[in-house]
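Q: Please read through the structure below; I'll follow up with questions.
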Amino acid sequence: MTLSSTEIHRLADVARMVEGHIDGDPQLEVTGIDGLRRATPGQMSFVAEPQYIHQASESRASALVVPEDFERPAGCEQALIRVPDVAAALAAIAELFAPPSPPRHEGIHPAATVDPDAQLGPGVSVGPGAVIEAEAAVGEGATIGAGAFVGYRASVGAHSTLGPGVKICHQCVVGDRCLLHPGVVVGGDGFGFYFRSGVHHKIPQIGTVEIGDDVEIGSNTTIDRARFGATRIGAGTKIDNLVMIAHNVQIGEHCVITGQCGIAGSAILGNYVIMGAQSGVRGHVKIGDGSKIGGQSGVDNDLPPGSAVMGLPARPHRRAARCIMAVQKLPELRKRVRDLKRKVDTLADDDPKKEADR
Amino acid sequence: MTLSSTEIHRLADVARMVEGHIDGDPQLEVTGIDGLRRATPGQMSFVAEPQYIHQASESRASALVVPEDFERPAGCEQALIRVPDVAAALAAIAELFAPPSPPRHEGIHPAATVDPDAQLGPGVSVGPGAVIEAEAAVGEGATIGAGAFVGYRASVGAHSTLGPGVKICHQCVVGDRCLLHPGVVVGGDGFGFYFRSGVHHKIPQIGTVEIGDDVEIGSNTTIDRARFGATRIGAGTKIDNLVMIAHNVQIGEHCVITGQCGIAGSAILGNYVIMGAQSGVRGHVKIGDGSKIGGQSGVDNDLPPGSAVMGLPARPHRRAARCIMAVQKLPELRKRVRDLKRKVDTLADDDPKKEADR
Amino acid sequence: MTLSSTEIHRLADVARMVEGHIDGDPQLEVTGIDGLRRATPGQMSFVAEPQYIHQASESRASALVVPEDFERPAGCEQALIRVPDVAAALAAIAELFAPPSPPRHEGIHPAATVDPDAQLGPGVSVGPGAVIEAEAAVGEGATIGAGAFVGYRASVGAHSTLGPGVKICHQCVVGDRCLLHPGVVVGGDGFGFYFRSGVHHKIPQIGTVEIGDDVEIGSNTTIDRARFGATRIGAGTKIDNLVMIAHNVQIGEHCVITGQCGIAGSAILGNYVIMGAQSGVRGHVKIGDGSKIGGQSGVDNDLPPGSAVMGLPARPHRRAARCIMAVQKLPELRKRVRDLKRKVDTLADDDPKKEADR
């Protein structure tokens with residue numbers, strides 16, 4: 018029951034669109050695009066990275082998008098479209114073969130609840146079951162999905178999209194052209210308590226969340242409001258699914274935060290920071306611009322700009338790799354030490370001065 | 018304010034239902050079932066695994082479901098029902114004592130929003146606030162919970178249940194007899210970007226998600242749509258809460274993916290793979306049939322069928338256990354090396370040739 | 018586009034409210050409060066912990082809330098409010114400067130769906146799109162957020178708040194004065210199957226969830242219903258975002274469970290247990306009162322009361338710290354052993370009895 022595209026395009030047309038050069042039959046008709054191993058005859062595929070070149074010969078795809086300087090490996094007989102930038106070409110080609118998009122209902126669906134004191138820009142789409150509270154603002158051309166929530170005095174920027182069930186709590190701000198996938202929560206209370214007389218008392222979380230322009234946030238990710246001030250996500254930053262961003266965290270621009278990462282309270286990430294999946298950053302830690310944090314690692318200290326770390330606790334990449342390798346060989350090291358001890362004991366027994374040593 | 022069952026059954030009736038043999042009073046009345054340590058007088062309990070036999074004597078339960086060859090430990094005086102398959106018997110007995118199920122509203126609730134171009138099979142239940150978009154299909158007897166979402170051209174198979182707030186995004190497919198718990202998101206965009214001129218550009222995610230029959234998915238788990246083609250979950254696979262399954266992942270049949278696991282893009286899991294809680298699989302990795310991955314581990318390499326691995330990075334179980342044990346004893350190893358060095362230095366000092374060595 | 022507070026207060030009024038003593042100009046007007054590094058002129062800040070004292074001099078804040086015995090470091094010239102309990106004072110001051118709260122719609126919003134057989138106490142607020150099923154009970158003054166769900170025979174205690182999209186499934190119980198943030202799921206099925214003839218069969222999960230009074234639960238956290246009996250969260254316990262609590266877990270009172278933690282089935286936590294972020298507890302394990310579990314660690318064994326553990330697997334804090342440190346220095350240890358072996362081999366070569374030894 019796969020829904021496949023019914024689009025058919027001639028290779029010449031595809032090549033023209035991506036400003037590529039054809040090496041093969043320009044009249045060839047192609048019906049879709051997929052990875053080298055999954056593409057079926059009639060479909061296109063691509064070689065984006067050198068390490069996949071050897072798979073090109075085995076692919077059943079009828080045509081391949083390749084870099085300009087691609088050299089056909091033995092057995093690679095498909096038609097080629099040579100392009101200066103494979104990734105950019107693929108993005109365009111994907112749009113070409115994309116199945117029809119869900120139709121967009123402009124205006125407010127009758128089953129939505131929009132407070133009369135909310136401000137909606139022109140061309141806004143509000144889905145069924147969505148709720149927009151008083152004094153909230155939704156910018157021009159924004160899409161508020163089915164069952165999504167925009168709280169009191171919150172705002173969503175122009176041309177942004179909230180997927181079904183996204184919640185933007187009161188006073189939080191989402192920039193322009195953002196894309197928030199289903200179930201994202203922006204502006205739940207930060208996790209803060211003080212302990213007196215055997216009880217945890219709530220520390221009011223009176224701050225907000227401010228999300229810059231062009232930010233994408235994955236399904237069911239949560240970003241907490243600040244204790245004071247704002248939790249901030251810089252423009253162009255991309256966040257994957259099920260990520261937890263705690264109160265008062267400051268994330269710079271153009272960062273990439275992969276699935277299930279956690280960033281504890283008041284941590285500061287510079288620009289262009291990349292976090293691998295399931296990694297964590299301790300509270301109040303400061304990560305310099307352009308740092309790369311390996312998957313499943315835990316950063317417990319400030320990192321200077323351009324750091325590359327991994328491990329638990331995270332340490333510079335090369336050092337961490339040596340430590341991890343050394344752990345893998347620990348059983349052998351233990352054996353070597355045992356053998357050595359035996360040898361030394363034997364030597365000591367032979368030592369003419371051994372009586373005196375004792 | 019515990020809601021307890023008011024069902025009362027005679028032991029003889031329970032035993033007949035599960036084709037068991039009674040060792041005790043068949044007229045005994047039982048009122049519920051719980052674990053050995055939690056069951057109260059009047060309730061039943063059970064011994065499903067040999068390691069719990071010793072708890073049987075201490076349990077306050079009035080009757081126990083046990084394997085046919087169960088031998089009473091000293092002090093175990095409860096009535097017994099001996100059965101060939103304790104787990105299967107328990108499933109049946111649980112239904113007997115289950116509190117009344119929520120009543121099922123057949124048909125479309127007036128507060129639901131169902132597009133006139135959606136196709137609903139006979140006996141479908143659509144809860145209040147649910148949204149079913151154009152050209153979506155819902156199979157016979159399926160239940161769409163309150164506030165759930167079935168997007169454009171998506172489909173939900175016969176007798177499947179979407180809990181409250183589940184989102185099935187456009188064009189994604191859910192098989193028959195599936196059970197998706199509240200907050201599950203199927204078909205958010207895969208996390209894919211290409212980096213040019215200091216900016217992450219979105220790679221369109223034009224694929225879908227295809228979920229086979231008899232799949233269960235836990236609360237707030239997210240499964241991303243593919244870049245091309247489909248992210249696939251095989252029939253009979255069970256997925257726990259807060260799991261992250263990235264784009265283009267292919268999961269085989271009858272796998273068990275425990276809570277908070279993450280599977281990165283394009284990874285392939287065979288059939289009958291078991292992942293322990295909070296573990297992760299790197300992108301593009303291939304896991305052979307029947308492999309077992311320990312909790313909190315990280316698989317960074319292909320695994321042959323039948324592998325059993327654990328640790329960070331995941332290594333074969335026995336080897337990994339030795340490494341973990343060796344780390345626990347590292348402080349002692351360091352001391353041993355220090356002592357050895359001292360001894361060797363002493364020996365070297367005694368060496369008649371030491372002057373020459375230096 | 019930051020929403021800042023327009024509240025202005027004189028320092029004298031602030032000090033009176035928190036029963037503090039002013040060291041500076043009582044007529045000073047302050048407009049808000051933020052952390053030492055983020056506060057701007059005109060705002061207040063605070064020194065809650067001794068390690069931040071040195072930041073006081075550099076802060077641009079106009080006034081500081083400090084402990085009674087605070088000694089001004091060089092350069093610290095701000096007005097001070099000296100208080101006996103900084104944390105408690107801050108909570109009160111935060112309320113003073115908090116932006117206006119979302120207005121509360123008392124009563125049932127016309128776009129909500131409340132079953133006529135549900136029982137609602139006086140002063141309940143039910144938001145648009147919320148669903149309350151038959152025989153559910155909502156206590157006096159409780160707030161059921163937009164799109165939230167209270168299932169069949171479930172109950173929510175007095176003055177509790179369910180954020181937007183929270184789901185309380187059938188028969189589950191939430192205590193008084195609880196605060197559940199958006200997207201929380203209480204009462205999805207526990208993850209239980211038994212394997213027969215190549216297929217995982219569902220073990221019915223006929224139990225419930227019982228949440229005590231004064232519990233706070235963070236966004237998108239999930240708590241599964243018990244197989245039998247109840248999964249329990251004790252009064253006063255605070256749970257952060259994206260936490261996974263499995264079936265039959267028993268958590269005591271006044272615990273703190275930080276973001277992305279996972280607690281596997283039937284584990285038991287005593288009172289006042291603290292779990293650091295991204296840590297996990299194995300199923301059936303028992304954690305004694307007052308234990309502290311480090312972030313990103315994994316508890317695989319019972320812990321006596323007052324334990325402090327960390328690491329994978331979690332071990333007592335001091336021991337674990339030594340092991341982690343030892344791993345960091347493993348490359349050096351390996352080198353030391355290599356050097357030692359060379360030295361011993363040299364000594365052995367010199368050994369007059371070496372022929373005999375071989």
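Chains as they are written, first to last, in the working numbering: chain A, 18 to 375; chain B, 18 to 375; chain C, 18 to 375.
Quick reminder that beta carbons are idealized off the backbone N, C-alpha and C, glycines included.
(1) Give me the Cα-Cα distance between G297(A) and P127(C), rounded to the nearest whole angstrom.
(2) Just the chain A side, please: which residues come within less than 8 Å of F63(B) by C-beta, in chain order?
(3) Hey, is Q277(B)'s beta-carbon within less than 8 Å of any beta-carbon in chain C?
(4) On the DSSP bridge assignment, give the partners of P120(B) in chain order.
(5) With 8 Å set as the bound, which would you pick, yes or no: does the beta-carbon of I125(B) sit closer than that to a beta-carbon of chain C?
(6) With C-beta atoms as the reference, is I223(A) less than 8 Å away from I250(A)?
(7) Output, in chain order, the set of chain A residues within a Cβ distance shorter than 9 Å of I341(C).
(8) Label L255(B) either buried or exposed according to how many other C-beta atoms from any shown protein chain fall within 10 Å of its C-beta, with 16 as the threshold for buried.
(9) If you draw a straight line from the alpha carbon of G279(B) to that of A80(C), how long is it in whole angstroms?
(10) Where does D374(B) land, buried or exposed, given buried means 16+ other C-beta within 10 angstroms?
(11) At which residue ranges does the stretch 157-236 of chain C contain complete beta strand (DSSP E) runs of 3 or more residues, listed in the order of the chain?
(12) Taking only beta-carbon positions, decide if N318(C) is within less than 8 Å of chain B.
(13) Compare the C-beta of R194(A) against all C-beta atoms of chain B and say whether one is closer than 8 Å.
(14) Identify which residue in N258(A), G305(A), E227(A) and A115(A) has its Cα closest to the Cα of N237(B).
(15) Can you find at least 3 beta carbon pairs, one from the stretch 197-206 of chain A and one from the stretch 171-188 of chain A, that sit closer than 8 Å?
(16) Whole angstroms are fine: how far does the CA of D30(A) sit from the CA of A151(C)?
(17) Ignore the nearest five residues each way along the sequence and tell me which others in Q277(B)'s own chain have a CB closer than 7 Å to its CB.
(18) Is it true that the stretch 162-177 of chain B meets the stretch 206-216 of chain B, where meeting means three or more beta-carbon pairs spaced less than 8 Å apart?
(19) Hey, which unbroken runs of the beta strand (DSSP E) at 3 residues or more fall wholly within the stretch 263-343 of chain A?
(20) For R359(C), collect the residues of the same chain with a Cβ closer than 6 Å to its Cβ; drop the 5 residues on either side in sequence, then sort them by chain order.
(21) Determine the closest residue to A154(A) out of Q60(A), D241(A) and H187(A), with distance taken between C-alpha atoms.
(22) Tell me which same chain residues have a C-beta within less than 8 Å of the C-beta of P43(C), skipping the five on either side of it?
(23) For V361(A), report the span of its beta strand (DSSP E) as first-last.
(24) Could you tell me if G328(B) is buried or exposed, where buried requires 16 or more neighbouring beta carbons within 10 angstroms of its beta carbon?
(25) Along the beta strand (DSSP E) that carries L81(A), what are the first and last residues, could you check?
(26) According to a CB-to-CB cut-off of less than 9 Å, which residues of the stretch 221-236 of chain C neighbour chain A?
(27) For V361(A), count neighbouring Cβ atoms within 10 angstroms of its own Cβ and tell me buried if that reaches 16, exposed if not.
(28) Of the residues that make up the stretch 347-370 of chain B, which ones have a beta carbon closer than 8 Å to any beta carbon in chain A?
(29) Measuring CA to CA, which of R339(A), I228(A) and G209(A) is closest to G192(A)?
(30) What residues of chain B sit near E150(C), judged by a beta carbon separation below 7 Å?
(31) Beta strand (DSSP E) containing I70(A): first to last residue?
(32) As a quick exercise: from I341(B), S308(B), G323(B) and V302(B), pick the residue whose alpha carbon is nearest that of G315(C).
(33) Flag L137(A) as yes if its beta-carbon sits less than 8 Å from any beta-carbon of chain C, otherwise no.
(34) Between A109(B) and V82(B), how many whole angstroms is the CB-CB distance? I'm expecting something under 8 Å.
(35) Near V35(C), what residues of its chain come up, given a Cβ to Cβ distance below 6 Å and the 5 sequence neighbours on each side ignored?
(36) Quick one: what's got a C-beta closer than 6 Å to G282(A)'s C-beta in the same chain, skipping five residues either side?
A: Let me spell this out:
(1) Taking the first sequence and counting its residues from 1, one reaches residue 297(A) at position 280. Taking the third sequence and counting its residues from 1, one reaches residue 127(C) at position 110. Cα-Cα distance, rounded: 43 Å.
(2) By one-based count along the second sequence, residue 63(B) stands at place 46. Within 8 Å Cβ-Cβ: nothing; F63(B) doesn't reach chain A, min ~35 Å.
(3) Taking the first residue of the second sequence as 1, we reach residue 277(B) at position 260. Cβ-Cβ to chain C under 8 Å: yes for Q277(B).
(4) Counting from one through the second sequence, the residue named residue 120(B) turns up at place 103. None, per the DSSP bridge assignment.
(5) Translated into the one-based positions of the second sequence, residue 125(B) becomes position 108. So no, I125(B) is outside the interface.
(6) Position 206 of the first sequence, counted from the start, is the residue given in the question as residue 223(A). Position 233 of the first sequence, counted from the start, is the residue given in the question as residue 250(A). Cβ atoms of I223(A) and I250(A): not closer than 8 Å.
(7) Residue mapping note: residue 341(C) aligns to position 324 of the third sequence, counting from 1. Near I341(C) (Cβ distances below 9 Å), the residues of chain A are L329 and P330.
(8) Indexing the second sequence from 1 puts residue 255(B) at position 238. The identity of residue 255(B) in the sequence shown is Lys, whereas the question assumes Leu. Buried: at least 16 other Cβ atoms inside 10 Å.
(9) Here residue 279(B) corresponds to residue number 262 of the second sequence, with the count starting at 1. Here residue 80(C) corresponds to residue number 63 of the third sequence, with the count starting at 1. Looking at the two C-alpha atoms, the distance is approximately 47 Å.
(10) Walking along the second sequence from the start, residue 374(B) turns up at place 357. Any reading at D374(B) is ruled out, since the residue's pLDDT is 46, under 50, leaving its predicted position unreliable.
(11) 202-205, 210-213, 216-219 and 225-228
(12) Position 301 of the third sequence, counted from the first residue, corresponds to residue 318(C). No, its Cβ sits nowhere closer than 8 Å to a Cβ of chain B.
(13) Locating residue 194(A) in the first sequence gives position 177, where the first residue counts as 1. So no, R194(A) is outside the interface.
(14) Against the second sequence, residue 237(B) aligns to sequence position 220. For N237(B), the nearest C-alpha among the options comes from N258(A).
(15) yes
(16) Numbered from its first residue, the third sequence carries residue 151(C) at position 134. Numbered from its first residue, the first sequence carries residue 30(A) at position 13. About 60 Å.
(17) Indexing the second sequence from 1 puts residue 277(B) at position 260. These residues qualify, in order along the chain: L259, V260, A294 and Q295.
(18) no
(19) 325-327
(20) As a working note, residue 359(C) is residue 342 in the third sequence. Excluding positions up to five away in sequence, the list is empty.
(21) Start at 1 with the first residue of the first sequence, and residue 154(A) comes out as number 137. Minimum Cα distance to A154(A) is reached at H187(A).
(22) Start at 1 with the first residue of the third sequence, and residue 43(C) comes out as number 26. Closer than 8 Å at the Cβ level, and outside the excluded window around P43(C), lie R27, L28, A29 and A32.
(23) As a first step, residue 361(A) is located in the first sequence; it is residue number 344 there, counting from the start. Where V361(A) is concerned, there is no enclosing beta strand (DSSP E), although the alpha helix (DSSP H) it sits in stretches over L347 to D367.
(24) Within the second sequence, the letter at position 311 stands for residue 328(B). Buried, because 16 or more other Cβ atoms sit within 10 Å of the Cβ of G328(B).
(25) For the purposes of this step, residue 81(A) is taken as residue 64 along the first sequence, with counting starting at 1. Taken as a continuous stretch (DSSP letters only), the beta strand (DSSP E) holding L81(A) covers A80 to P84.
(26) D231, E233, G235 and S236
(27) As a first step, residue 361(A) must be located in the first sequence, where it is residue number 344. Classification for V361(A): buried.
(28) L347, L350, R353, V354, L357, K360, V361, T363, L364 and D367
(29) Here residue 192(A) is taken as the residue at index 175 of the first sequence, counted from 1. Nearest of R339(A), I228(A) and G209(A) to G192(A), Cα basis: I228(A).
(30) Working through the third sequence from its first residue, we reach residue 150(C) at position 133. Ordered by position in chain B, the residues that pass the 7 Å Cβ test against E150(C) are P119.
(31) Start at 1 with the first residue of the first sequence, and residue 70(A) comes out as number 53. Unbroken run through I70(A) is the alpha helix (DSSP H), I70 to A73; no beta strand (DSSP E).
(32) Stepping through the third sequence from its first residue, residue 315(C) is reached at position 298. Measuring from the Cα of G315(C), the nearest candidate turns out to be I341(B).
(33) Stepping through the first sequence from its first residue, residue 137(A) is reached at position 120. Chain C, which has no Cβ nearer than 8 Å to the Cβ of L137(A), makes this no.
(34) Taking the second sequence and counting its residues from 1, one reaches residue 109(B) at position 92. Taking the second sequence and counting its residues from 1, one reaches residue 82(B) at position 65. About 10 Å separates the two Cβ atoms, so there is no contact after all.
(35) Within the third sequence, residue 35(C) is the residue found at index 18, counting from 1. Excluding sequence neighbours, V35(C) sits near V100, A106 and A109.
(36) The residue given as residue 282(A) occupies position 265 in the first sequence. Same-chain partners within the cutoff: A263, H264, N265 and G300.
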